[in-house]
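Chemist: Following this message is one structure expressed as structure tokens.
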Amino acid sequence: HLQALQPLLRDSPVKVQKYVLRQFAQLLPHDVEARRSFVQSGGLQFLQELNETVGGKLTEFITQINNCYPPEVVEFYSPNYSKTLLQKIDEYQPDAA
462 HLQALQPLLR
472 DSPVKVQKYV
482 LRQFAQLLPH
492 DVEARRSFVQ
502 SGGLQFLQEL
512 NETVGGKLTE
522 FITQINNCYP
532 PEVVEFYSPN
542 YSKTLLQKID
552 EYQPDAA
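With our numbering applied, the sequence shown has no gaps in its numbers, which climb one by one up to 558 at the end.
Okay, structure coming up:
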């Protein structure tokens, strides 16, 4: 049923998003396939984008969902990840042989 909820996450008012996120927060910790599907369908990436613009209860549910994934996966899907990588390239000093 997660796949049916996914479109509601993107195109709904905050009250509906809150309900949908609560459903994901309850299910994802217990279902590896659902977690994988959520990433593959773009749900985790959308959450990171949403997290930059919302607050309150939505942020709480987003944090619960993010905690279902390794930190590096969450970071990879965050909107500023590419900037972070470029900054690391700029700061990196390779050993001169």
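Just so you know, even glycine gets a beta-carbon here, dropped at the ideal spot from N, CA and C.
(1) Hey, Gly504 and Gln478: beta-carbon distance below 8 Å or not?
(2) Quick one: is Arg471 buried, meaning 16 or more other Cβ sit within 10 Å of its Cβ, or exposed?
(3) Start and end of the alpha helix (DSSP H) containing Ser498?
(4) Excluding the 5 residues flanking Ala495 on each side, which residues of the same chain have their C-beta closer than 7 Å to its C-beta?
(5) From Asp556 to Gln501, what does the alpha carbon distance come to, in whole angstroms?
Modeler: The structure says:
(1) no
(2) exposed
(3) 493-501
(4) Leu463, Leu488, Leu489
(5) 37 Å
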